[in-house]
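Asks: Chains as they are written, first to last, in the numbering used here: chain H, 20 to 127; chain Z, 4 to 117. Pasting a structure here, questions to come.
Written as C-alpha cells, this is what we have:
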C-alpha cells in the first residue's frame, strides 16, 4: 500500500515562488504524480517523476528523491489562477493513490 | 471531443434508491477507474479495470457494482443509496497499468443523497 502525506493548506503571494512538499511510504512504487484541481473541476495532470531529479515544465517543476520517499512541486511566478488544490499521487500497479491534497491560495 | 465523459453531471436522489453513472473514454486506453471524492476533498480509488476485467476493488461495499461492457466504458451502479454515499465520483482512464503517461479524469458526477 501507499501512505502519502502533504500539507493541508498553503498561502502565497502573486508573483512569488511556492514549494509544496510530499512524502510517501510505498511498496511497489512506480512513480510520483502531481495533479492540479480547481474547485468543482476534475483533476488535471501536471507532472510525473519516476527517476530521481528535477523535471521542469514552464512555471512548474517537480522533484523526486526515491531514497528519501520525498517529492515537491515548485510553482514560480505565481498567478491568481494557480489557486487550486494540488494532489500528490503515488503510482502502483493499476492504481494511483493520492494524498489529501494541498489547498493553495494565491493572494494579491 | 471530450476524452473521458461521464453522465450525469449532477444526481440528487432519495435514500434507498438505485442509480447508475456512466463513463466513456475515447482515448483508446486499456485501463479505467472509479474514484470517490468526499466532502473533505480526499480522492480515493474505488475500482480499476483493465480490458474489461476487474483488477482492484478497494474494500468498497457490494452495493457498488461496476460494469465494463467494453474497454471504452466503465459504468457504476449503486444500490440502496445511503446518505454517506454523497460525494463526487470521478471516472478516469490511463494507457498503461502504471499510468506513466498520466490518468485522464472525467468532469465528475456530484451525487447527493437526501
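For each residue, glycine too, the CB sits at the ideal point set by N, CA and C. As the structure is a prediction and not an experimental result, all values here were calculated from the model.
1. Please list, in chain order, all residues of the same chain as residue 14 of chain Z whose beta carbon is under 8 Å from its beta carbon, the five residues on each side excluded.
2. Beta-carbon separation of residue 110 of chain H and residue 49 of chain H under 8 Å?
3. Is the distance from the Cβ of residue 83 of chain H to the Cβ of residue 68 of chain H below 8 Å?
4. Under the three-state reduction of DSSP, which class applies to residue 87 of chain Z: helix, strand or coil?
5. Look at the Cβ atom of residue 59 of chain Z, then the Cβ atom of residue 71 of chain Z, and state whether they are nearer than 8 Å.
6. Leaving out five residues on either side along the sequence, give the residues of the same chain with a beta carbon under 8 Å from the beta carbon of residue 61 of chain Z.
7. Quick one: which chain H residues come within Cβ less than 9 Å of residue 53 of chain Z?
8. To which residues of the same chain is residue 86 of chain Z closer than 6 Å at the C-beta, ignoring the five residues directly before and after it?
9. Using a Cβ cut-off of 8 Å (strictly closer), state whether residue 127 of chain H contacts chain Z.
10. Where do the N-terminal and C-terminal ends of the beta strand (DSSP E) with residue 40 of chain Z fall, by residue?
11. With a cut-off of 8 Å, does the C-beta of residue 77 of chain H fall near any C-beta of chain Z?
12. Listing by chain order, which chain Z residues have their CB less than 7 Å from the CB of residue 117 of chain H?
13. What is the DSSP secondary structure of residue 18 of chain Z, counted as helix, strand or coil?
14. Taking only beta-carbon positions, decide if residue 104 of chain H is within less than 8 Å of chain Z.
15. Can you round the beta-carbon distance between residue 116 of chain H and residue 108 of chain H to whole angstroms, since I take them to be within the 8 Å contact cut?
16. Put residue 101 of chain H into one of helix, strand or coil per three-state DSSP.
17. Could you tell me if the beta carbon of residue 109 of chain H falls within a distance shorter than 7 Å of some heavy atom in the ligand FMN?
Replies: This is what the structure holds:
1. 22, 24, 112, 113, 114 and 115
2. yes
3. yes
4. helix
5. no
6. 47, 48, 49 and 50
7. 113
8. 116
9. no
10. 34-40
11. no
12. 46
13. coil
14. yes
15. 6 Å
16. helix
17. Among the components of this structure there are no ligands whatsoever, and the ligand FMN is therefore not found.
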